[in-house]
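Visitor:
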Amino acid sequence: MDTIVVGAGVAGLTAARLLHAAGQRVLVLEARDRVGGRMWTDRTAGFSVDRGASWIHGLTGNPLTDLVPAFGMETHEFTVGSFQAGGRPIADHDESGRLLDADATRRWTDDVDTADALFQRTIADSGHDESYATAAERTLAATGLTTERADRVRAFYRHRTEEQCGAEAEQVAAHALDEDAIEGDEVIFPGGFDVLPRKLAEGLDVRLGTTVTAITRSSSDGVRVDTRTESFEAAQVIVTVPLGVLKAGTIEFTPALPDTVAGPIDRLGMGVFNKVFLQFPQRFWQDDVYAIRRHGKPGFPWHSWYDVSAVSGEPMLLTFAGGAWGREIERKTDEEIVASVLDALRALYGASVPDPVAHWITRWGSDPLARGSYSYVAVGSSHDDHDALAGPVDGVLHFAGEATYAHEPATVHGALLSGHRAAERILGAPIPLGELTRDVRQE
Ligand SMILES: Cc1cc2nc3c(=O)[nH]c(=O)nc-3n(C[C@H](O)[C@H](O)[C@H](O)COP(=O)(O)OP(=O)(O)OC[C@H]3O[C@@H](n4cnc5c(N)ncnc54)[C@H](O)[C@@H]3O)c2cc1C
């Protein structure tokens, strides 16, 4: 075997597909009974519910923009996937639950724009040990906003790290979201985003239900990869398991990983970000909004609901629980979670908000093959830690996955580009990304 790839998420499948297209013998070992990892579309209800990734975060300069149509995937414009304050119609509700009028909405988005401009300057002056929370406080003090308006922006900043990092503002480094600017529109997938990994997997040797337990390397003899039942040998290995799995130490590396890789595993954070989809018997919210938002302190814990009815054709709202709240809901029953979301919606739309007819709730933190949703730059770490995590170690052990890609961590396209980088390193030559669509069937 030339290369073994551990993990059949988008990073592993990208690397495997490119190496296979270049003529290598490649084996992909995946612990789950499906490919896709954190891309996972639930179709049990007859429509798509993306329990993992659902958005392309910015079409401009994104490798997915060309790939997705080449795979025959239909998209739907939905440019609020990165916790924007405005840009698209949002039903903003104030602290008492009242809908903001057009002037108040404009003032709110202006406040965020003003604070963000100051925030950029504060962050530029921050070191690795400053948190997003303290940088936000320094910024808010400089805005001169009234207490109520500053409280709103503060709540928004806190929700931003909960959603974009899956962590609290105190845990996240001030610089964590430096790469986070969205270029171009965002889109979601009526047919489900996991068509992408399923297409990437076509024609590859992927062994499902195969859990890797140990990896032994030597610079002269390559690698041995042990699973629960078998061992495999290859010249090189690419490990794409999530950062949470690396942190848990469930794969034993011999010799132990050097500090250049073990350090980043330790320092970077693994956040939790969960989704709650509610399908209602009928709409009770406005027709013309992308999202509903509750401002200020009453927006904790539930603050934003996204109208994803266009995907299912049913009245559906999607809300998120990130950071500490994301971890906390994993200890609650579905009924408790749904009741809690409904309380928050009824505070905005009244007691006539109906009970949902169905719900979908994720628990990525308790998933032993993810142990979280995505990585983030924790206080004391830097974006360089992401790239350092990629290795290679002794020229034979490579890492890929969203956590290894400093330019775009925590995204599908970052994971894809990390797989591309690992394949190019193994081949020692550039590979055009267009090779990914070679021999793929159109739907
Ligand atoms: C709720 C949620 C929402 C998200 N939303 C978006 C979004 O809208 N847009 C976006 O761009 N990104 C989003 N992301 C992030 C995106 O899903 C990930 O960055 C990306 O899918 C990660 O791909 P990966 O290949 O690095 O890892 P994974 O997809 O996690 O693949 C790693 C694979 O390794 C396997 N594995 C683990 N341990 C072992 C083992 N011991 N042996 C063998 N196999 C093992 C796992 O089962 C998994 O299949 C979201 C993530 C979550 C959780």
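In the working numbering, the protein residues as written are 1 to 443.
Note that the Cβ used here is the ideal one computed from N, Cα and C, for glycine as well.
All values reported here derive from a predicted model rather than from experimental measurement.
With respect to the beta strand (DSSP E) encompassing Glu335, which residues constitute its N-terminal and C-terminal limits?
Guide: Residue 335 sits at position 335 when you count from the first residue of the sequence shown. Here Glu335 belongs to no beta strand (DSSP E); instead the alpha helix (DSSP H) covers 334-349.
Visitor: Please indicate yes or no: does the CB of Ser373 lie closer than 7 angstroms to some heavy atom of ligand 1?
Guide: For this step, residue 373 is matched to residue 373 along the sequence shown. Yes - ligand 1 has a heavy atom lying nearer than 7 angstroms to the Cβ of Ser373.
Visitor: In the DSSP output, which residue or residues are listed as bridge partners for Glu233?
Guide: Start at 1 with the first residue of the sequence shown, and residue 233 comes out as number 233. Beta-bridge pairing links Glu233 to Arg224.
Visitor: Let me know if Gly23 comes out buried or exposed under the rule of 16 or more other beta-carbons within 10 Å of its beta-carbon.
Guide: Here residue 23 refers to the residue found at position 23 of the sequence shown. Exposed: under 16 other Cβ atoms inside 10 Å.
Visitor: Are there three or more Cβ pairs, one per stretch, closer than 8 angstroms when the stretch 323-333 is compared with the stretch 109-122?
Guide: The stretch 323-333, when compared against the stretch 109-122, does not touch it at the 8 angstroms Cβ threshold.
Visitor: Near Gly184, which residues of its chain fall below 7 angstroms by C-beta distance, leaving aside the five closest residues on each side in sequence?
Guide: In the sequence shown, residue 184 corresponds to position 184, counting from 1. Counting only Cβ-Cβ distances below 7 angstroms, and skipping sequence neighbours, we find Gly58, Leu59, Thr60.
Visitor: If distances are taken between C-alpha atoms only, which option among Asp343, Arg438, Tyr157, Gly36 comes closest to Ala174?
Guide: Looking up residue 174 in the sequence shown gives position 174. Nearest option by C-alpha distance: Tyr157.
Visitor: Taking C-beta to C-beta, are Ala415 and Glu424 nearer than 8 angstroms?
Guide: In the sequence shown, counting from the first residue as 1, residue 415 sits at position 415. In the sequence shown, counting from the first residue as 1, residue 424 sits at position 424. Cβ distance not < 8 angstroms, so Ala415 and Glu424 don't count as in contact.
Visitor: With a threshold of 16 other CB atoms inside 10 Å of the CB of Gly36, please say whether the residue is buried or exposed.
Guide: Position 36 of the sequence shown, counted from the start, is the residue given in the question as residue 36. So Gly36 ends up on the buried side.
Visitor: State the start and end residues of the unbroken beta strand (DSSP E) segment that holds Ala321.
Guide: One-based indexing of the sequence shown puts residue 321 at position 321. Start and end: 316-322.
Visitor: What number of angstroms, rounded off, separates the C-alpha of Gly299 from the C-alpha of Phe71?
Guide: The residue you call residue 299 lines up with position 299 of the sequence shown. The residue you call residue 71 lines up with position 71 of the sequence shown. Looking at the two C-alpha atoms, the distance is approximately 39 angstroms.
Visitor: Just verifying my parser: in three-state terms, what is the DSSP assignment at Gly365?
Guide: Mapped onto the sequence shown, residue 365 falls at position 365. Helix at Gly365.
Visitor: Count the other CB atoms within 10 Å of the CB of Lys297; is the residue buried (16 or more) or exposed (fewer)?
Guide: Stepping through the sequence shown from its first residue, residue 297 is reached at position 297. Exposed, because fewer than 16 other Cβ atoms sit within 10 Å of the Cβ of Lys297.
Visitor: Between Thr240 and ligand 1, is the CB less than 7 angstroms from at least one heavy atom?
Guide: Your numbering for residue 240 matches position 240 in the sequence shown. Result yes, Cβ under 7 angstroms from ligand 1.
Visitor: Rounded C-beta distance between Gly203 and Asp439? I'm assuming under 8 angstroms.
Guide: For the purposes of this step, residue 203 is taken as residue 203 along the sequence shown, with counting starting at 1. For the purposes of this step, residue 439 is taken as residue 439 along the sequence shown, with counting starting at 1. Right, their Cβ atoms sit about 6 angstroms apart.
Visitor: Our contact map puts Gly244 next to Gly372 with C-beta atoms below 8 angstroms; I'd like the distance itself, whole angstroms only.
Guide: Position 244 of the sequence shown holds residue 244. Position 372 of the sequence shown holds residue 372. Confirmed, Cβ separation roughly 4 angstroms.
Visitor: If you follow the beta strand (DSSP E) that Gln279 is part of, which residue opens it and which one closes it?
Guide: In the sequence shown, residue 279 corresponds to position 279, counting from 1. Looking at the DSSP string, the run of the beta strand (DSSP E) that includes Gln279 is 273-279.
Visitor: Helix, strand or coil for Gly414? Go by DSSP, reduced to three states.
Guide: In the sequence shown, the residue the question calls residue 414 occupies position 414. The answer is helix: DSSP assigns Gly414 an H, G or I state.
Visitor: If you draw a straight line from the alpha carbon of Ala85 to that of Ser375, how long is it in whole angstroms?
Guide: Position 85 of the sequence shown, counted from the start, is the residue given in the question as residue 85. Position 375 of the sequence shown, counted from the start, is the residue given in the question as residue 375. So the two alpha carbons sit approximately 23 angstroms from each other.
Visitor: I need the DSSP call for Asp266, collapsed to helix, strand or coil.
Guide: Taking the sequence shown and counting its residues from 1, the one referred to as residue 266 is at position 266. Reduced to three states, the DSSP call for Asp266 is helix.
Visitor: For Arg38, which option in Val195, His20, Leu318, Arg154 has the closest C-alpha, if you only look at C-alpha atoms?
Guide: One-based indexing of the sequence shown puts residue 38 at position 38. Minimum Cα distance to Arg38 is reached at Val195.
Visitor: Which residue comes first and which comes last in the beta strand (DSSP E) that contains Glu252?
Guide: For the purposes of this step, residue 252 is taken as the residue at position 252 of the sequence shown. Looking at the DSSP string, the run of the beta strand (DSSP E) that includes Glu252 is 252-254.
Visitor: Is any heavy atom in ligand 1 found nearer than 7 angstroms to the beta carbon of Trp364?
Guide: Stepping through the sequence shown from its first residue, residue 364 is reached at position 364. True, at least one ligand heavy atom lies under 7 angstroms from that Cβ.
Visitor: Using 8 angstroms as the threshold, is the C-beta distance between Gly249 and Ala234 below it?
Guide: As a first step, residue 249 is located in the sequence shown; it is residue number 249 there, counting from the start. As a first step, residue 234 is located in the sequence shown; it is residue number 234 there, counting from the start. In this structure, Ala234 does not lie closer than 8 angstroms to Gly249 by Cβ.
Visitor: Can you tell me whether DSSP reads Phe119 as helix, strand or coil?
Guide: Sequence index remark: in the sequence shown, residue 119 carries index 119 (1-based). In this structure, Phe119 counts as helix in the three-state DSSP scheme.
Visitor: Between Asp452 and the rest of its own chain, which residues show a CB-CB distance below 8 angstroms, the 5 nearest in sequence each way excluded?
Guide: As displayed, the chain neither begins before 1 nor continues past 443, which places residue 452 out of reach and without an answer.
Visitor: With a threshold of 8 angstroms, are at least 3 pairs of Cβ atoms found where one atom belongs to the stretch 123-139 and the other to the stretch 325-344?
Guide: Counting Cβ pairs under 8 angstroms, fewer than three are found: no touch.
Visitor: Let's test the definition: count the other Cβ atoms within 10 Å of the Cβ of Ser219 and tell me whether it reaches 16, buried, or not, exposed.
Guide: The sequence position of residue 219 within the sequence shown is 219, counting from 1. Exposed, by the Cβ-count rule.
Visitor: Looking at the structure shown, is Ser309 part of a helix, part of a strand, or coil, going by DSSP?
Guide: Counting from 1 along the sequence shown, the entry for residue 309 is found at position 309. Helix.
Visitor: Can you list, in chain order, the residues of its chain with a C-beta nearer than 7 angstroms to that of Val112? Leave out the 5 residues immediately preceding and following it.
Guide: By one-based count along the sequence shown, residue 112 stands at place 112. For Val112, where only same-chain residues beyond five positions count, the Cβ hits under 7 angstroms are Ala85, Val153, Phe156.
Visitor: What first and last residue would you give for the beta strand (DSSP E) that runs through Thr213?
Guide: As a working mapping, residue 213 is identified with position 213 in the sequence shown. Per DSSP, Thr213 belongs to the beta strand (DSSP E) from 212-218.
Visitor: Between which two residues does the beta strand (DSSP E) carrying His159 extend?
Guide: The residue you call residue 159 lines up with position 159 of the sequence shown. His159 -> not in any beta strand (DSSP E); alpha helix (DSSP H) instead, spanning 147-164.
Visitor: Going by C-alpha distance, which of Ala31, Thr362, Ile4 is nearest His20?
Guide: As a first step, residue 20 is located in the sequence shown; it is residue number 20 there, counting from the start. Checking every option, the nearest Cα to that of His20 belongs to Ile4.
Visitor: Tell me whether Gly365 is buried or exposed, calling it buried when 16 or more other Cβ atoms sit within 10 Å of its Cβ.
Guide: As a first step, residue 365 is located in the sequence shown; it is residue number 365 there, counting from the start. When all chains shown are included, Gly365 counts as buried.
Visitor: Tell me whether the beta-carbon of Val239 lies closer than 8 angstroms to the beta-carbon of Val6.
Guide: Looking up residue 239 in the sequence shown gives position 239. Looking up residue 6 in the sequence shown gives position 6. Yes, these two residues count as a Cβ contact at 8 angstroms.
Visitor: If I follow the unbroken alpha helix (DSSP H) through Tyr132, where does it start and stop?
Guide: Locating residue 132 in the sequence shown gives position 132, where the first residue counts as 1. Element bounds for Tyr132: 132-143.
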